[in-house]
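Just below is one structure, and these are the notes that go with it.
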Amino acid sequence: MLLLDGIIYALTSMVVLLLITGGVHYASPTMKLELSQVDAFAISLLALLCIRRSAFKRWLPPRIERSATIAMLIFSRYPLATLAVANLVYVLLMTWSSSCRFDSFHATAFDLSFVDQSLWSTTHVGFLHSSLAKGQSYLGEHFSPVLGLVALVYRLFDSPYFLFLLQSVALASGSLLVYALGVQKKIPRSVAVTAALCFLLFQPLRAANSFDFREDNLFIPIFLGALISLEKKRLTLFWVLCLISWSVKENAPIFTALLGAWLCVDSLRGRMPVSRRWHGVALGLLSFFAFYIINSKITPHFVGSGMGADTMLVKRLRQFGGTNDQILRAILLHPFAFAAEVLRPFFQVKAARYFLDVTAPFLFFVPAAPLPALIVLAGIGMNLLVNQPTIGFHYECILIPFLFYILLAGLATLNSKNKLVGVRVPVLMTLSFLLFFGRSPVDSIRRHWPTAHDRFVSQELLRIPEAASVATQGVLHPHLAHRKDVFLFSAGVPSTDYIVADLSPGIELYATPNLYADLAKIDSAVYSLEFDRDGLKIWHRK
1 MLLLDGIIYA LTSMVVLLLI TGGVHYASPT MKLELSQVDA FAISLLALLC IRRSAFKRWL
61 PPRIERSATI AMLIFSRYPL ATLAVANLVY VLLMTWSSSC RFDSFHATAF DLSFVDQSLW
121 STTHVGFLHS SLAKGQSYLG EHFSPVLGLV ALVYRLFDSP YFLFLLQSVA LASGSLLVYA
181 LGVQKKIPRS VAVTAALCFL LFQPLRAANS FDFREDNLFI PIFLGALISL EKKRLTLFWV
241 LCLISWSVKE NAPIFTALLG AWLCVDSLRG RMPVSRRWHG VALGLLSFFA FYIINSKITP
301 HFVGSGMGAD TMLVKRLRQF GGTNDQILRA ILLHPFAFAA EVLRPFFQVK AARYFLDVTA
361 PFLFFVPAAP LPALIVLAGI GMNLLVNQPT IGFHYECILI PFLFYILLAG LATLNSKNKL
421 VGVRVPVLMT LSFLLFFGRS PVDSIRRHWP TAHDRFVSQE LLRIPEAASV ATQGVLHPHL
481 AHRKDVFLFS AGVPSTDYIV ADLSPGIELY ATPNLYADLA KIDSAVYSLE FDRDGLKIWH
541 RK
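With my numbering, letter number 166 in the sequence shown gets 166, and the count goes up by one each step, no holes.
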């Protein structure tokens with residue numbers, strides 16, 4: 001046992017060290033070494049704990065049990081102070097990480113420029129104007145009028161760094177709501193705090209935070225608030241939050257419809273009052289109506305017409321029709337064919353990994369909340385249908401509130417059976433969130449630390465007048481987004497006042513793959529090369 005416990009202590013120390021320091025990277029012409037991924041150490045640690053449980057009938061070595069007991073005592077006595085400190089650390093780290101990513105030109109036109117220019121334009125040019133969007137409006141890409149309210153707050157600083165801070169605060173706020181939901185479910189405060197801390201550890205949450213700001217982030221506080229309102233029987237607030245969710249993105253009515261179905265089924269099973277059934281029916285019907293109107297009438301209106309003027313729904317579900325209306329009719333008239341198309345991606349190897357990345361910490365608790373689990377499954381199916389099966393974006397944000405509802409429902413069930421006594425469950429629960437943790441935000445800060453060249457390019461881009469129109473490449477686009485017209489450079493873009501390109505070695509060509517060929521076609525009779533230094537080239541219209 002002493003040898004086994006010694007290895008467990010060593011692995012625990014390694015996990016903590018990787019979380020705090022971000023690990024190490026070493027590269028030479030002949031060798032590359034990286035020690036930063038938490039996952040392998042967490043999996044090994046869980047395996048050894050299982051062996052210990054099987055051999056000695058106890059999960060935790062004495063030192064870990066004592067440390068966990070002290071931590072749980074602190075959580076119980078100072079829950080809000082603990083969460084305040086955790087939120088502060090999270091917000092600082094994630095905002096710093098996003099800022100470094102921006103400063104080192106790893107943020108791109110898709111999607112930071114989309115949202116950043118739309119927010120800036122709302123108070124300077126026009127409501128959600130975006131020169132990247134079809135129809136010159138972000139509403140032609142996604143139905144997100146709520147961004148108009150975000151723009152009023154954004155106007156205070158008009159800076160992408162402030163946007164990174166807003167994003168981190170919005171996502172971190174979910175931990176406080178998870179704690180509130182846990183308390184509402186009569187879970188011990190120390191365990192509710194642990195669940196809230198696990199929320200901040202959850203890789204899909206951190207991935208959404210690391211990616212460029214998107215409106216999907218707002219789903220987390222909105223739907224967690226709706227679930228808390230449901231638990232507290234505050235149906236008016238529940239309805240208000242569901243209606244607000246429709247202003248975030250065009251897919252929100254699907255999830256409010258599923259919430260309505262959940263209310264209906266649970267009332268039929270006697271787990272909710274009969275009155276909830278009619279709330280569920282009304283919410284479901286209104287959600288279907290809202291989904292149809294938003295996707296068949298409003299979004300196509302803002303896209304405009306002409307070649308390439310496709311809505312996001314058409315881009316991703318073209319196999320069902322050439323317009324939003326045709327796609328929705330095909331889904332209604334051929335539901336089984338659509339269901340088969342949704343299920344097909346589940347049988348890919350990548351889909352299995354994606355499924356585990358998203359759901360692993362929650363699978364044990366699914367029997368306690370099967371209906372929310374079905375909502376999550378439907379959401380994963382939609383994500384697999386229209387996106388690459390990978391974490392690293394914002395598509396899981398709408399699922400996260402339901403996943404943590406499942407977790408808290410499971411903990412409440414264990415508590416009702418007196419199985420939350422001691423620290424075994426909180427420790428194993430925390431460990432489950434480290435199995436697919438990835439890298440620490442500290443590692444991201446170090447990898448994206450801006451170079452001297454990055455700082456030089458940033459300073460030169462500031463010299464371009466805000467009133468001037470610009471065509472540029474994907475990685476420079478976010479640094480030039482605060483103007484009316486800024487395009488991704490190609491041979492077919494409108495004539496602009498400036499053309500800007502960074503051709504330094506290793507520069508990312510994402511979103512402008514034909515950059516070199518297109519730059520070679522610049523008409524010297526129209527543009528003169530005004531600046532050429534260290535790979536940065538700026539052409540000015542004569």
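In this text, a Cβ means the ideal position worked out from N, Cα and C, and glycines have one as well. On a predicted model such as this, the values are computed, not experimentally measured, just so you know.
Coarse secondary structure for residue i, derived from DSSP in three states
i      : result
His540 : strand
Ser528 : strand
Arg234 : coil
His279 : helix
Thr487 : The amino acid occupying residue 487 in the given sequence is Phe; Thr does not appear at that position. If DSSP states are grouped into helix, strand and coil, Phe487 belongs with the strands.
Ser44  : helix
Gly306 : In this predicted model, Gly306 has a pLDDT of only 44, less than 50, meaning its place in the structure is not dependable; the value taken from the coordinates is given anyway. It is coil, neither helix nor strand.
Ser137 : strand
Ile398 : coil
Lys57  : coil
Lys185 : coil
Leu462 : coil
Ala24  : Residue identity differs from the one stated: residue 24 is Val in this sequence, not Ala. Reduced to three states, the DSSP call for Val24 is strand.
His142 : coil
Ala471 : strand
Ile499 : strand
Lys419 : coil
Glu65  : helix
Lys315 : helix
Leu33  : strand
His550 : With the chain covering 1 to 542 only, the question about residue 550 has no answer from this structure.
Beta-carbon gap between residue i and residue j smaller than 8 Å
i      : j      : result
Tyr405 : Leu227 : yes
Val425 : Leu317 : no
Glu460 : Leu536 : yes
Leu177 : Leu147 : no
Asp103 : Asp454 : yes
Leu328 : Asn295 : yes
Ser98  : Ser175 : no
Val470 : Leu480 : yes
Gly438 : Val15  : no
Gln184 : Lys233 : no
Gln348 : Pro389 : yes
Ser245 : Phe223 : yes
Leu132 : Ser113 : yes
Leu48  : Ile7   : yes
Ser287 : Thr311 : no
Arg447 : Ala468 : no
Per-residue burial, residue i [other beta carbons within 10 Å of its own, 16 or more giving buried]
i      : result
Asn251 : buried
Val314 : buried
Pro372 : buried
Met1   : exposed
Cys242 : buried
Cys198 : buried
Asn324 : buried
Ile538 : buried
Arg63  : exposed
Gly308 : For Gly308, the predicted model reports a pLDDT of 48, less than 50, meaning its position is unreliable; a value from the coordinates is still stated below. Gly308 is exposed by the Cβ-count criterion.
Gly306 : Low per-residue confidence applies at Gly306: pLDDT is 44, beneath 50, and the placement is therefore not dependable, though the value from the model is reported in the following sentence. Gly306 should be labelled exposed.
Ala55  : exposed
Contact with chain D by residue i, beta-carbon distance below 8 Å
i      : result
Ile254 : In the structure shown, chain D does not exist; there is a single protein chain.
Return the chain-ordered ranges of every beta strand (DSSP E) run that is complete within the stretch 319 to 387 and spans a minimum of 3 residues. none
State whether the stretch 200 to 220 contacts the stretch 163 to 171, with contact taken as three or more CB pairs (one from each stretch) at a distance under 8 Å. yes
Do the stretch 466 to 483 and the stretch 69 to 79 touch if we need at least three Cβ pairs shorter than 8 Å? The answer is no - the stretch 69 to 79 does not touch the stretch 466 to 483, with fewer than three Cβ pairs under 8 Å.
Inspect the CB distances between the stretch 510 to 525 and the stretch 490 to 501 and report whether three or more fall short of 8 Å. yes
Touching by the beta-carbon criterion (3+ pairs, under 8 Å), the stretch 376 to 386 and the stretch 248 to 262: yes
Validate contact between the stretch 131 to 150 and the stretch 56 to 68 using beta carbons, cut 8 Å, 3 pairs: no
Are the stretch 405 to 414 and the stretch 266 to 279 touching by the rule of at least three beta carbon pairs closer than 8 Å? The stretch 405 to 414 is not in contact with the stretch 266 to 279.
For the stretch 72 to 86 and the stretch 180 to 193, state whether three or more C-beta atom pairs, one from each stretch, are separated by less than 8 Å. yes
The stretch 23 to 33 in contact with the stretch 417 to 431 per 3-pair CB rule at 8 Å: no
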